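For reference, the structure is listed below as structure tokens.
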Amino acid sequence: MQTREVETLDHLRDKAARLRIHSIRATTEAGSGHLTSCVSAAEIVSTLFFDVMSHYDQEEGVGELNDVFILSKGHAAPLLYGALAEAGIVRTDEIGTLRKMHSRLEGHPTPRVPFVPVATGSLGQGLSAGVGMALSAKYLKPSPRRVFVLLGDGECSEGSIWEAAAIAAHYRLGNLCATVDVNGLGQSEPAPLRKDMLAHKRRWEAFGWRAEVVDGHDPRALLAGYEEALRNTGQPTVVLAETTKGRGIPGIEDAEGFHGTPLPEDKALEAIALLAGELNSAPERTPPPDAKFQPPVPAPAPPFRLSPPHKPGDPAVATRHAFGFATAALGRMDARIVVLDADVKNSTGTQEFQNEIPHRFLQMYIGEQNMTGVATGLAACGWVPFATSFACFLSRATDFVRMAAISGSNVKFVGSHCGVSVGEDGPSQMGLEDLAVFCAQPNVPVLYPCDAVSAWRATELAVQKEGPVYIRTTRSKTPVLYDESEKFALGQCNVLRQGKRDAATIVAAGITVFEALKASETLANSGIGVTVVDAFCLQPIDAATIASCVDKTAGRVLTVEDHYYHGGLGDCVSRALAPRGIAVQRMAVDGIPRSGAPEELMDHHRISSPHIVAAIEKLTASPSEPVDESSMESFPASDPPSWTPSHI
59 MQTREVETLD HLRDKAARLR IHSIRATTEA GSGHLTSCVS AAEIVSTLFF
109 DVMSHYDQEE GVGELNDVFI LSKGHAAPLL YGALAEAGIV RTDEIGTLRK
159 MHSRLEGHPT PRVPFVPVAT GSLGQGLSAG VGMALSAKYL KPSPRRVFVL
209 LGDGECSEGS IWEAAAIAAH YRLGNLCATV DVNGLGQSEP APLRKDMLAH
259 KRRWEAFGWR AEVVDGHDPR ALLAGYEEAL RNTGQPTVVL AETTKGRGIP
309 GIEDAEGFHG TPLPEDKALE AIALLAGELN SAPERTPPPD AKFQPPVPAP
359 APPFRLSPPH KPGDPAVATR HAFGFATAAL GRMDARIVVL DADVKNSTGT
409 QEFQNEIPHR FLQMYIGEQN MTGVATGLAA CGWVPFATSF ACFLSRATDF
459 VRMAAISGSN VKFVGSHCGV SVGEDGPSQM GLEDLAVFCA QPNVPVLYPC
509 DAVSAWRATE LAVQKEGPVY IRTTRSKTPV LYDESEKFAL GQCNVLRQGK
559 RDAATIVAAG ITVFEALKAS ETLANSGIGV TVVDAFCLQP IDAATIASCV
609 DKTAGRVLTV EDHYYHGGLG DCVSRALAPR GIAVQRMAVD GIPRSGAPEE
659 LMDHHRISSP HIVAAIEKLT ASPSEPVDES SMESFPASDP PSWTPSHI
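What follows is the structure, given as structure tokens:
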């Protein structure tokens, strides 16, 4: 063995020992953390950070030239923070702030930490983000960047891992290398394959990956595995590293029951003393106080205002199709926009983008979890990805949406085919929970356009807003309501009809806007005036405008939505009006729907115009007139009742 090779291997072993020491100190100081999962992967991380990842310019941060490391097994965060300290990217003394309030070194990594492109910790998501970043470097903006993802063997039980593996092989991502820390132990019991390395190898190979089995504690074997990965440019590579959980710590090596357990102080000191004996004299690095290691901020969206090719009186247009044309128009103006599809482009409208800008259209096939994770990875590279599918199928990716929100990822989610107005396809195709999913994320604006013009404006607003956004579109064609000159903004609703002596306010969104307008005409013929509000933006809701309208109608307000009662428009309006003590009457889908014509289903679930008329008549009945109280549901606060209302 040549002297230089010996020095390299000694250096990597030294770094691995230091990473174990950092992990012990950090978790013991914090009083919590996943020490055993950190120390099992110490040689893996030392080999990657201090040899393999050669394109690693600190000033570049998560820029397009640097290699990328994603810690999918995010509970091993102290190991990553130790590597960043050894690399001079965070201060060594900062590791002692692990898991403390106001520390950026959280229990699981987030992009608050330099060189962390996406939040991880919810297992099974890091590989999808890595696929997104590798797609960017190979196809969208070619660069020498390589993407390395560290997985745990336990998280490979997640189906999303295999969604990502399949797509990576499909796109022949030779710039993507996964490493699986095969220590054989999960959180509460052994991992399903334990250390059957042949079974691991065959599984990955079946998905189209090159698989290298190595000793995960031998830097020389790891270097050989990564060398093969870097030579193999035509397909993704996985390095299957056989390791020992708790490695280097007497008493807990390869033992169950220590997954999330730090060492007590006395045991920590003993383990550190033992590991210190393995160190050479190389000093630990400390960055200068003025070091600039922040990730680059994506360029702001260029100023633009589209000209929708629609006007009142034109033939009806489905908002899903209007969104598709708007995205294509925006894509011609903003080169950052990419569109991801889950094999429904002819239903969601995104085929218009593919037809015009095929090189920025990425087919993810039927795998919404992976599609969402890939979009998060693309956003980390500065792209503005639209992740599109049926709203009901996006709900499958709820946890990925949650993690994208934690990352603050600039992903635009678009769910089509919402509500019972989907019709004959039946309940499995109807998005009836999507608003609850997205409104639950505090940093995700939620837009629900009712016509073609508002759909174009919603798409514009989504691109201009930095961070995640959700747009809800409708399957059915709706009349063109707005003129091109109409103003739209986040947190702004539109008052469509208002008189001086209106008896009640109706707040609707999407397809129910037209039911509310039809109801208002019927009511007007009966001498009852109503204010009609198109909510448009459910989050943040336009509390001021809605409250002003409701004040003018003596506190009488009705919401109508093609969504389940919980988590949708009614909840948003109730929260907005609760401080004023206003009880919100609500109409929503009141049970599991079935197949039928859209009009039949909307009528059956009492969100059609005749039912709105009846509800307003009851709401505005004089005290002397008898009112059927059993048919009214009043929610004065933000929390709806625990039962499901049968109807309003």
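Heads up, the sequence shown is in this note's numbering, so the first residue is 59 and it goes up one at a time.
Here a beta-carbon is modelled for each residue, glycine too, at the ideal position from N, C-alpha and C.
If you're wondering where the values come from, they're calculated on a predicted model, not measured in any experiment.
Cβ-Cβ distance between residue i and residue j below 8 Å
i      : j      : result
Pro526 : Val502 : yes
Ser479 : Met660 : yes
Ala91  : Ile128 : For the sequence presented, residue 91 should be read as Gly rather than Ala. Cβ distance not < 8 Å, so Gly91 and Ile128 don't count as in contact.
Cys476 : Thr532 : yes
Gly626 : Leu493 : yes
Pro248 : Ser215 : no
Ala646 : Ile599 : no
Val432 : Gly190 : yes
Glu144 : His275 : no
Glu537 : Phe572 : According to the sequence as given, residue 537 is Pro; it is not Glu. For Pro537 and Phe572, yes; Cβs fall inside 8 Å.
Val565 : Val631 : yes
Val238 : Asp211 : yes
Gly318 : Ile310 : no
Lys610 : Ile529 : no
Thr570 : Val618 : yes
DSSP three-state assignment for residue i, whether helix, strand or coil
i      : result
Met645 : strand
Ala562 : strand
Asn468 : coil
Ala264 : helix
Pro416 : helix
Cys551 : coil
Val504 : strand
Gln487 : helix
Phe448 : strand
Pro248 : strand
Val402 : coil
Pro651 : coil
Glu63  : helix
Ile586 : coil
Tyr540 : coil
Pro668 : helix
Ser682 : The predicted position of Ser682 is uncertain, since its pLDDT is 37 and thus under 50; no value can be drawn from it.
Thr295 : strand
Lys535 : strand
Thr408 : coil
Outcome for residue i when other beta-carbon atoms lying within 10 angstroms are tallied against a minimum of 16
i      : result
Phe362 : exposed
Arg614 : buried
His258 : buried
Asn583 : exposed
Glu123 : It is Leu, not Glu, that sits at residue 123 in the sequence shown. Exposed, since its Cβ has fewer than 16 Cβ neighbours within 10 Å.
Ile650 : exposed
Val709 : Limits of the chain in this structure are 59 at one end and 706 at the other, which puts residue 709 out of reach.
Leu77  : buried
Val171 : buried
Glu524 : exposed
Leu142 : buried
Ala222 : buried
Asp125 : buried
Pro684 : Caution is warranted here: a pLDDT of 39 is assigned to Pro684, below 50, making its placement in the model unreliable, and the coordinate value is therefore given only provisionally. Looking at its Cβ environment, which holds fewer than 16 other Cβ atoms inside 10 Å, Pro684 is exposed.
Lys73  : buried
Lys558 : exposed
Arg71  : buried
Ser130 : buried
Met461 : buried
Selected residue, minimal CA-CA separation from residue i, among the options
i      : options                           : result
Phe458 : Ala177, Ala135, Thr86 and Pro169  : Ala177
Gly217 : Gln245, Met255, Gln412 and Gln183 : Gln183
Gly292 : Val110, Leu193, Asn233 and Arg278 : Asn233
Asp629 : Val396, Val642 and Pro637         : Val642
Lys576 : Cys607, Lys545, Ile665 and Arg515 : Ile665
Ser512 : Glu544, Leu490 and His80          : Glu544
Pro175 : Ser465, Thr155, Arg638 and Arg204 : Ser465
Trp514 : Phe546, Pro200, Glu414 and Ile307 : Phe546
Thr385 : Phe265, Pro370 and Phe419         : Phe419
Gly587 : Arg652, Ser447 and Ile674         : Ile674
Cys439 : Leu142, Ala134 and Lys199         : Lys199
Leu163 : Thr85, Glu426, Tyr229 and Gln597  : Thr85
Thr150 : Arg83, Arg204, Val97 and Arg260   : Arg83
Trp267 : Ala282, Asn413, Leu581 and Val297 : Val297
Can you check the region 118 to 198 for any alpha helix (DSSP H) of at least 4 residues that lies completely inside it and give the ranges in chain order?
-> 135 to 144 and 184 to 193
At what residue ranges does the region 615 to 646 contain a whole run of the alpha helix (DSSP H), taking only runs of 4 or more?
-> 627 to 635
In chain order, which alpha helix (DSSP H) runs of at least 4 residues are fully inside the region 298 to 348?
-> 323 to 334
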